[in-house]
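Numbering (my numbering), first residue to last: 80 to 258.
Working notes, beginning with the structure itself.
Rendered as structure tokens:
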């Protein structure tokens with residue numbers, strides 16, 4: 080799976096979000112962006128985004144169950160492979176498996192409580208805890224959904240934009256950043 084990731088490239092939506100972050104960093108757009116992704120790939124980073132939270136972990140990292148190290152990893156992760164930090168053979172992919180608690184939940188919840196705009200892109204709206212993010216944000220923030228079709232949570236959003244994210248997200252980013 081890791082080897083195949085190199086063949087996948089960021090799409091126009093990834094690049095648009097990276098552009099939005101760059102506009103915020105340079106002051107050409109008065110905003111702030113935090114990308115919280117359920118995906119375990121590195122497409123946002125390869126598109127240029129830096130402010131990314133991987134709530135389900137990262138495929139290109141491993142986690143040592145002995146010492147907690149999470150080094151970048153591009154090869155196979157075999158049961159006998161020693162950790163580069165503690166040298167114990169207790170590495171596993173740094174991804175959240177079924178039944179495990181997603182990563183960075185305190186940071187995500189703080190961002191949801193502080194945001195003035197919450198945007199969900201390409202999600203079914205049925206996988207919790209992410210499916211509940213709109214409910215946390217909508218008490219104080221505008222909410223917007225980009226999806227190919229209505230999701231399970233569409234009625235919770237102030238605005239829904241239907242269509243391919245590769246078309247709708249770049250158009251929206253151009254509208255709000257002016258570039």
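For every residue, glycine included, the Cβ atom is placed at its ideal position computed from N, Cα and C.
The segment 180 to 193 makes contact with the segment 205 to 213; the number of CB pairs closer than 8 Å reaches 3 or more. The beta carbon of residue 240 sits closer than 6 Å to those of 225, 247, all from its chain and outside the five residues before and after it, given in chain order. Per DSSP, residue 227 lies in no alpha helix (DSSP H) and is assigned neither H nor E. Leaving aside the five residues that flank residue 89 on each side, the residues in its chain whose CB is nearer than 7 Å to its CB run, in chain order, 122, 125, 126.
A residue is called buried once 16 or more other Cβ atoms fall within 10 Å of its Cβ, and residue 116 is buried on that count. CA-CA distance, residue 91 to residue 137, rounds to 21 Å. Boundaries of the alpha helix (DSSP H) harbouring residue 212: 212 to 216, taken from the DSSP string.
With contacts defined by Cβ atoms closer than 8 Å, residue 150 and residue 163 form a contacting pair. Sixteen is the threshold: since fewer than 16 other Cβ atoms of the shown chains lie within 10 Å of the Cβ of residue 157, the residue is exposed. Going by C-alpha positions, residue 97 is about 4 Å away from residue 128.
With fewer than 16 other CB atoms across the displayed protein chains lying within 10 angstroms of its CB, residue 227 is exposed. Under the three-state reduction of DSSP output, residue 238 falls in the strand class.
With contacts defined as CB atoms closer than 8 Å, residue 220 and residue 195 qualify as a contacting pair.
Scanning 165, 160, 244 for the CA closest to the CA of residue 199 turns up 244. The residue from 167, 237, 139 with its alpha-carbon nearest to that of residue 155 is 139.
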